[in-house]
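K.L.:
Number of protein chains: 2
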Amino acid sequence: KEKWPRGDETVWKTNMRGVDADVGNITKSVVNHVQTSLARQAYNLDNLGAYQAAALSVRDNMLVNWNETQLHYTRKAPKRAYYLSLEFLMGRTLDNALLNLDLKSQYKDGINQLGFSLEDLLEEERDAALGNGGLGRLAACYLDSSASQDLPVWGYGLRYKYGIFQQLISPEGNQLEAPDPWLDNQNPWELPRIDVNYEVRFYGQSERLPEGHGRAIWTGGQEVLAVAYDVMIPGCHTRNTNNLRLWESKPKRGFDLNSFNAGNYEGAVESSNSAAAITSVLYPNDHTTFGKELRLKQQYFWTAASLADIIRRFKNLGKSINEFPDYVAIQLNDTHPTLAIPELMRILLDEEDLDWNFAWQIVTNVFFFTNHTVLPEALEKWPVPLMEHILPRHMQIIYDINMIFLQAVEKKFPGDRERLARMSLIEEGFPKQVRMANLACIGSRRINGVAELHSQLVQTTILKDFVEFFGVSKFGNVTNGITPRRWLDQCNPELSKLISSTLKIDKSVWLKDLYKLKGLVKFAEDKGFRAEWAAIKQRNKERLAHHIETTLGFTVNTNAMFDVQIKRLHEYKRQTLNILGVVHRYLELKAMTPAQRKKINPKVVFFAGKAAPAYYIAKLTIRLIVNVARVINADPETKDYLSLYFLPDYSVSLAEVLIPASDISQHISTAGTEASGTSNMKFCLNGGLLVGTVDGANIEIAEEVGEENVFFFGHLTPAVEDLRYQHVYHPVPVDEACPALANVLNQISGGLFGDGGVYEPLVNTIRQGDYYLVTDDFDSYIRALAMVDDAYMDRDEWVKKSINTTANMGKFSSDRAIMDYAQEYWNLEPIPVGKD
Amino acid sequence: KEKWPRGDETVWKTNMRGVDADVGNITKSVVNHVQTSLARQAYNLDNLGAYQAAALSVRDNMLVNWNETQLHYTRKAPKRAYYLSLEFLMGRTLDNALLNLDLKSQYKDGINQLGFSLEDLLEEERDAALGNGGLGRLAACYLDSSASQDLPVWGYGLRYKYGIFQQLISPEGNQLEAPDPWLDNQNPWELPRIDVNYEVRFYGQSERLPEGHGRAIWTGGQEVLAVAYDVMIPGCHTRNTNNLRLWESKPKRGFDLNSFNAGNYEGAVESSNSAAAITSVLYPNDHTTFGKELRLKQQYFWTAASLADIIRRFKNLGKSINEFPDYVAIQLNDTHPTLAIPELMRILLDEEDLDWNFAWQIVTNVFFFTNHTVLPEALEKWPVPLMEHILPRHMQIIYDINMIFLQAVEKKFPGDRERLARMSLIEEGFPKQVRMANLACIGSRRINGVAELHSQLVQTTILKDFVEFFGVSKFGNVTNGITPRRWLDQCNPELSKLISSTLKIDKSVWLKDLYKLKGLVKFAEDKGFRAEWAAIKQRNKERLAHHIETTLGFTVNTNAMFDVQIKRLHEYKRQTLNILGVVHRYLELKAMTPAQRKKINPKVVFFAGKAAPAYYIAKLTIRLIVNVARVINADPETKDYLSLYFLPDYSVSLAEVLIPASDISQHISTAGTEASGTSNMKFCLNGGLLVGTVDGANIEIAEEVGEENVFFFGHLTPAVEDLRYQHVYHPVPVDEACPALANVLNQISGGLFGDGGVYEPLVNTIRQGDYYLVTDDFDSYIRALAMVDDAYMDRDEWVKKSINTTANMGKFSSDRAIMDYAQEYWNLEPIPVGKD
């Protein structure tokens, strides 16, 4: 038996608390938090205060499991995996925690007795919006699945003081950005761990040591402190509660008192501000890099602190450093954490004193790299002079890695200089640039894409040379997934309940084995079941309409089909195609007689999404959508048949209301551009159908649910390159290529939705070059939408499609994806708490 | 019966917690805080963690009383007083809270069972050092006395991110300053009240309105947010727990995202940094003002937020604004909060739309002003151009106040232009300056000094004209006091216990009625009691020696007399006199034979104190002390008879160890310069005797304890001005005026304590001008020290003096002082919680 570490074991153990699962204790704990943590009373408690007290009470319960889990992992000393992601788009925590802990009904009761409604309190929570879009939300889903499957996986990220900007819409319809001060009301979900901190260096000088094997000493420059904040990740119906560790930057010393005393106040706080600045803001850019010094500092700060922490934990095991890859797997989510590769080399060479080959062998057995895009403009590169300035030692290591690597390439493919130039970590030019994808690729044990098509494209385009060099077995695919806890049980509780009662399986079982949904297929033929299914969809539509009514003041027609496109605004995602389609539909409606219109399928189109603040065309698209909405929603002839809403400030929480309400959703990227997409999975899991291109995970969804349940359109990936070539070298005017589209563009330019001149830059991207093939796909898009209308008119068949879609979404649970990583990449075992 | 505000009253009430007074519940609460608030376990809990858990548990208990007190005051709606002080030197909280709550023994037991020692945990707490010296510590004592006497008094101050600097001593003996990051480990004693915040404006334009009675509109400029942090002030053995509200500055908006997105990161965070800067640092200067913009911003930020908060609370009573002085008294601690006067005028004129005379009547019935100094260099003045720039509206109001006031002066003293110039709020010059003491004086209902002599000097020197104008009844005296809870019971628990058992009075009684100490007089003749008394002093000396041994590594001779001088380094406090006296004693010892030395009273001299970073002479004094110590402590001939220690980083907590260990302490300011002094009171209350000048509260201490128990020396106040005149116009060289001193100075210049040239600037302040009369007082100082030695040799008589001193210190309880303010100034009644 282990020796009790301190004091009287009986006193400790009799006083330690467990999870409070009964209403009485829960209520007491909420009341006590009102009294003590909030220093408030029933007299001055509002919804926000009640939310905070409830959250603190839930946090206490989670902490019991979290403590137990950390202790259990420490004792078992298993191999662990670390998920390094610069973004974690967590959304809200309270509801998710209550569901995963299985305490929602008890809290509902307790809070009710205190005179509040749990539903109201849930709305008080501010989203943790530490991400731009899909990449960050994927990371959040993966953490949920890791905990739910008892896997010892931690996340590492940055604690941005300001998350993704808040989106406002100006009276003219322009996107305005405001800061997101999500920490202003204090955050009950984080555990500050002031005692866990590391020093991170920037700038300074690196001096190679003469005695060889690549060692150097890095000194001087700026030293900044990384302080840990832990976020608990409760598994679903398990005690396993994992950790997401976010780093905050702080000055190593408070401020320069000498400058202060000399009256130079600005000088005194300068270094303090520059340290705090590192984690102050999430970069609001998606699929573009800006080469900004601060962004590079963020990346290094985060990877250096995370690696220091991982190594400290490994060293506590008392193992030799050569066993590092047996105990540690590190997943690089996109190229953002690629600096971890030279950083680990630096530690092994300069601090652990290993020789180069041995160090490189450890490195290349620890890291795994997920590529998220083949868009050329999204491939991360850093100017060599900037890298040399900020990270002089790392630049040396990158040069060394490159030299040794290229020598090996030369050996395998002698004299192929083009190949050497393509594969080099350094891109020639003014300035030279470091290619992060190449570095991530050669420094990792395995590389994966995020959907079948995407993984193929990775291997045949951007990393083709590397496949030829390393062999194909180093490359794989893990199709993205989504957690059914948040994206079905939490956001669509009625549907979850119907599924449990229909399948006669407790949700704790099917939520963790999503293939069980297959059991719903046979109920598609059950009329009563279909009626319930449809009624739930209808109530979710009304819930959305209510939300819009209370937040924006619009009355939405819930008898219409709900058509949703929600994602970052980007030309490749083609919100343009959608809005031009809406205008096309409007023009058609206007041309009809009232009697003709009556036969039309009424439809409400929803858009939501943010544009990168510097992305002019994307912002102009928002402006167009907003102004089209103003015109058509006010047109008495057509508004009952077609209306349009741009919902501002898209967030995880807004998605949770939109997705269950969708009849049809749009995933219409130019073929070959969307790596996977995950909102497509969320809609389909909630019984919404999909209209989309043959791209990303759309393809695999169709494979699972059947092509008859998906509305595909548009050109295929192999055709894209040729079409682009034709656009440039043999252009055909839009009037000829697609008269329907030309008419739409002319109406916009002609001022139907306000001054047409405003939209010229947007319209010209289609008229000239049309890189994203709007012209080529427009007619087939319109035909696909017509098929959607036809299908929807046959409501019975539609509901069958809806049921069959949900029933066949088992593959897209992030549990499947994470288990794939655990088995095929990380070599990780589940370590359930309290089951041995 | 009052209606219960929300939810099920029974559920609320059965779940609300009270104060946990039994060991079992206390232990449980500590363990639970370890588990939840700290997210730790017995396995990884260190002393710091255990301190934090214990502190959080005590905080919970205090909060029960604090909540009850706030509710009780709200219901009773009494007149309240607000103590505005730019400094609150609180020191540590845990021990004080445990004693005031009467829970110390229970926590001691509980913590013991968990494997920790309460004494160790107390040492983990960082001092809240939000003050420079006496003024800030006085404010802290007054808060304790207000709560202990059930008076509805709140403090208002600033939450400096960095308190007074940490003092380090360089190898050469120089003071080095380091920032004091006291909030780094999170502060369990503050309650952030994010919901309590106010906007404060700086700069901009003020436009007078044409329609008269002095209104204006102030717009533009910078707006900053003041956010409240509450610090609980528990009364001693009462449920009354008052509040100290500290303001933190925050940017109104997070940062400028447009600049950020445009790549101008520095621009994006600029306004954010400039807002946060306001409360980031306590000005480390004592008795000097620097005319710094940031200091003025601190003062206005603090007074504006405090007044807004006071007015909001008053308005909740539903009373008319003309009743404001019946419900609110505001004490201005020194001139630092004087801007509250024009700020309240601004609110009454521009926001409440009152006319000038009515507004001025309210203002002059609300404020009370305490003067703390008659040193001319310490009288606060602000350049008119700076004031006009930062506070344009307030400058208008000050001009208006001045004009109306000077018209009244002219009416009473027609044609006396000199008088008008002296009394004006504006001092002529380049630039013109605003005289804050004059403004505080005419804007307040009553003005007081802080000791009898000082109050007389205020009325006869700096405010003489105002006494002639307003009449003497507007001016008074409240001699400062100290709280016997911290300065006897907490810092000297053995003595406290002996007093209780001897007097047969529970400490909760005599600690709140300190005149009860008089009962000790008769025990001075009891030999057994004297032995116990002396033994406690000896153990306190050993406690100090142990502290020095463990922190600095020096072994202190506890058989010697302990002679202590602890206070800010300042020429007027004359640490010079003390160190020169030490050198004199050393030279005398060196001249003796070993046999002669054996007859000498062995003595250890302690210094501690910080010098303002820009105060060159004060810093040089520290260097001299440190280097004298090095020489004499290493001299084998003398070190058993005389040794010397400079204890770095003086703090409240260090004072708590030093004061009970002192046999004799030095309070030797040039007569007329020390307004009161309070450490003199602390030493005497702990049975230490006093050697000092006839200055400040020394005089009143002698009145109380008997001149035979005090060692007075030096010239008296009325002689000072003439001596200074003689020094300048009829100088006598030190060699002639005081050969003993001349010898000491020559030894220093001659290099006995290292390069004499270093100390020339310090030595020259005495040789030339000698503004602080070191030469004049040196011989009588040396004689006084000889009398101290003689008295100490008769140990029995000494202990009697010691007992009689403590026994007669009743007057100096801050309870007496606060009750004086409550009755003679504020017109306040005690509002005991739970006694009606």
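Chains as they are written, first to last, in this note's numbering: chain A, 1 to 836; chain B, 837 to 1672. Here a beta-carbon is modelled for each residue, glycine too, at the ideal position from N, C-alpha and C.
To which residues does DSSP link D230/A through a beta bridge?
P.N.:
Here residue 230/A is taken as the residue at index 230 of the first sequence, counted from 1. Partner(s): L191/A, R245/A.
K.L.:
Would you please state the rounded distance, in angstroms, between the beta carbons of V434/A and N480/A? I believe it to be under 8 Å.
P.N.:
For the purposes of this step, residue 434/A is taken as the residue at position 434 of the first sequence. For the purposes of this step, residue 480/A is taken as the residue at position 480 of the first sequence. About 28 Å separates the two Cβ atoms, so there is no contact after all.
K.L.:
Does any residue of chain A have a CB that is nearer than 8 Å to the CB of G1417/B?
P.N.:
Taking the first residue of the second sequence as position 1, residue 1417/B is located at position 581. So, not an interface residue.
K.L.:
Kindly indicate the opening and closing residues of the beta strand (DSSP E) around K381/A.
P.N.:
Counting from 1 along the first sequence, the entry for residue 381/A is found at position 381. Residues 381–383.
K.L.:
To be precise: take each residue of the region 212–244 of chain A, compare its Cβ to all Cβ atoms of chain B, and keep it if any distance is under 9 Å. Which residues remain?
P.N.:
Cβ contacts with chain B come from D230, M232.
K.L.:
Closer than 9 Å, Cβ to Cβ, to anything on chain B: give me those residues from the region 704–718 of chain A, in chain order.
P.N.:
For the region 704–718 of chain A, which is checked against every Cβ of chain B, not one residue is closer than 9 Å.
K.L.:
Could you tell me whether the Cβ atoms of V511/A and D489/A are closer together than 8 Å?
P.N.:
For the purposes of this step, residue 511/A is taken as residue 511 along the first sequence, with counting starting at 1. For the purposes of this step, residue 489/A is taken as residue 489 along the first sequence, with counting starting at 1. At residue 511/A the sequence reads Leu, which differs from the Val that was named. A contact, by the Cβ cut-off of 8 Å.
K.L.:
Using only the alpha-carbon positions, how far apart do P753/A and V626/A sit?
P.N.:
Taking the first residue of the first sequence as position 1, residue 753/A is located at position 753. Taking the first residue of the first sequence as position 1, residue 626/A is located at position 626. Before going on, a small fix: residue 753/A reads as Phe here, not Pro. Taking the straight line from one Cα to the other gives about 9 Å.
K.L.:
Under the three-state reduction of DSSP, which class applies to R1560/B: helix, strand or coil?
P.N.:
Here residue 1560/B refers to the residue found at position 724 of the second sequence. Three-state DSSP puts R1560/B in a helix.
K.L.:
Can you pull the chain A neighbours of I1030/B, defined as C-beta to C-beta under 8 Å?
P.N.:
On the second sequence, position 194 is the one that residue 1030/B refers to. The answer, in chain order, is D184, N185, Q186.
K.L.:
In chain order, which alpha helix (DSSP H) runs of at least 4 residues are fully inside the region 1408–1492 of chain B?
P.N.:
Entirely contained in the region 1408–1492 of chain B, the alpha helix (DSSP H) runs reaching 4 residues are, in chain order, 1411–1427, 1430–1434, 1452–1469.
K.L.:
Can you give the Cα-Cα distance for I278/A and V363/A, rounded to whole angstroms?
P.N.:
As a position in the first sequence, residue 278/A is number 278, starting the count at 1. As a position in the first sequence, residue 363/A is number 363, starting the count at 1. Using only the alpha carbons, I get a separation of about 27 Å.
K.L.:
Ordered along the chain, which non-local residues of its own chain (more than five positions away) have a Cβ less than 8 Å from that of K801/A?
P.N.:
Sequence index remark: in the first sequence, residue 801/A carries index 801 (1-based). Correct list, in chain order: L689, E708, N709, A791.
K.L.:
For a cutoff of 8 Å on Cβ pairs, would you count L950/B as touching chain A?
P.N.:
Stepping through the second sequence from its first residue, residue 950/B is reached at position 114. Yes, L950/B lies at the interface with chain A (some Cβ there is under 8 Å from its Cβ).
K.L.:
I'd like the list of long-range same chain contacts for P1267/B, defined as Cβ closer than 7 Å, with 5 residues on each side in sequence excluded.
P.N.:
Working through the second sequence from its first residue, we reach residue 1267/B at position 431. Counting only Cβ-Cβ distances below 7 Å, and skipping sequence neighbours, we find P1219, V1220, P1221.
K.L.:
If you draw a straight line from the alpha carbon of Q52/A to that of R313/A, how long is it in whole angstroms?
P.N.:
In the first sequence, counting from the first residue as 1, residue 52/A sits at position 52. In the first sequence, counting from the first residue as 1, residue 313/A sits at position 313. Using only the alpha carbons, I get a separation of about 33 Å.
K.L.:
Just verifying my parser: in three-state terms, what is the DSSP assignment at S679/A?
P.N.:
For the purposes of this step, residue 679/A is taken as residue 679 along the first sequence, with counting starting at 1. Reduced to three states, the DSSP call for S679/A is helix.
K.L.:
Using beta carbons (cut-off 8 Å, strictly below), is E1013/B in contact with chain A?
P.N.:
Position 177 of the second sequence holds residue 1013/B. Chain A, which has a Cβ nearer than 8 Å to the Cβ of E1013/B, makes this yes.
K.L.:
Looking at the strands, I want to know which residues DSSP matches up with H1503/B.
P.N.:
Sequence index remark: in the second sequence, residue 1503/B carries index 667 (1-based). Answer is G1528/B, bridged to H1503/B.
K.L.:
What residue range is occupied by the uninterrupted alpha helix (DSSP H) comprising T303/A?
P.N.:
One-based indexing of the first sequence puts residue 303/A at position 303. First-last of the alpha helix (DSSP H) with T303/A: 293–316.
K.L.:
Using a Cβ-Cβ distance cut-off of 8 Å, determine whether Y1661/B contacts chain A.
P.N.:
Taking the second sequence and counting its residues from 1, the one referred to as residue 1661/B is at position 825. Taking Cβ atoms only, chain A never reaches closer than 8 Å to Y1661/B, which makes this a no.
K.L.:
Taking P1087/B and V1060/B to be in contact with their CB atoms under 8 Å, please state how far apart those CB atoms are, rounded to whole angstroms.
P.N.:
As a working note, residue 1087/B is residue 251 in the second sequence. As a working note, residue 1060/B is residue 224 in the second sequence. That belief holds up - the Cβ atoms of P1087/B and V1060/B are roughly 7 Å apart, short of 8 Å.
K.L.:
Count the other CB atoms, across all protein chains shown, that sit within 10 Å of the CB of I947/B; report buried if there are 16 or more and exposed otherwise.
P.N.:
Reading the second sequence from its first residue, position 111 is the one you call residue 947/B. Answer is buried; the Cβ neighbour count reaches 16.
K.L.:
Within the chosen definition, does the region 1393–1402 of chain B reach the region 1435–1448 of chain B through at least 3 CB pairs nearer than 8 Å?
P.N.:
Verdict: yes, contact present.
K.L.:
How is R1321/B classed by DSSP in three states: helix, strand or coil?
P.N.:
Along the second sequence, one-based indexing puts residue 1321/B at 485. Helix.
K.L.:
Just how far apart, CA to CA, sit E1540/B and L1082/B?
P.N.:
Locating residue 1540/B in the second sequence gives position 704, where the first residue counts as 1. Locating residue 1082/B in the second sequence gives position 246, where the first residue counts as 1. Distance between the alpha carbons of E1540/B and L1082/B: 37 Å.
K.L.:
Report yes or no: is there a C-beta of chain B within less than 8 Å of the C-beta of L246/A?
P.N.:
Working through the first sequence from its first residue, we reach residue 246/A at position 246. Output row for L246/A: interface = no.
K.L.:
Can you find a C-beta in chain B that's less than 8 Å from the C-beta of F724/A?
P.N.:
Position 724 of the first sequence, counting from 1, holds the residue named residue 724/A. The question names Phe, but residue 724/A in the sequence shown is Arg. R724/A does not count as touching chain B.
K.L.:
Would you mind telling me which residues of chain A sit closer than 7 Å to K864/B, beta carbon to beta carbon, in chain order?
P.N.:
In the second sequence, the residue the question calls residue 864/B occupies position 28. Those are N15, listed as they occur along chain A.
K.L.:
Strictly by DSSP, which residues pair up with I426/A?
P.N.:
On the first sequence, residue 426/A is found 426 positions in, with the first residue counted as 1. Partner(s): V434/A.
K.L.:
Helix, strand or coil for W218/A, going by three-state DSSP, please let me know.
P.N.:
Counting from one through the first sequence, the residue named residue 218/A turns up at place 218. Three-state DSSP puts W218/A in a strand.
K.L.:
Taking the straight line between their C-alpha atoms, what separation do you get for G751/A and F469/A?
P.N.:
Translated into the one-based positions of the first sequence, residue 751/A becomes position 751. Translated into the one-based positions of the first sequence, residue 469/A becomes position 469. Their backbone Cα atoms lie some 56 Å apart in a straight line.
K.L.:
Measuring only between beta-carbons, confirm whether W382/A sits less than 8 Å from chain B.
P.N.:
Here residue 382/A refers to the residue found at position 382 when the first sequence is read from its first residue. Not one chain B Cβ lies under 8 Å of W382/A.
K.L.:
For the region 293–309 of chain A, which residues have a CB atom closer than 8 Å to at least one CB atom of chain B, in sequence order?
P.N.:
Answer set for the region 293–309 of chain A: L294.
K.L.:
Measure the CB-CB distance between I447/A and K464/A and report whether it falls below 8 Å.
P.N.:
The sequence position of residue 447/A within the first sequence is 447, counting from 1. The sequence position of residue 464/A within the first sequence is 464, counting from 1. No, the pair does not count as a contact, with Cβ atoms beyond the cut-off.
K.L.:
Please list the residues of the region 138–168 of chain A that have a C-beta atom closer than 7 Å to any C-beta atom in chain B, keeping them in chain order.
P.N.:
For the region 138–168 of chain A, which is checked against every Cβ of chain B, the residues closer than 7 Å are Y162, F165.
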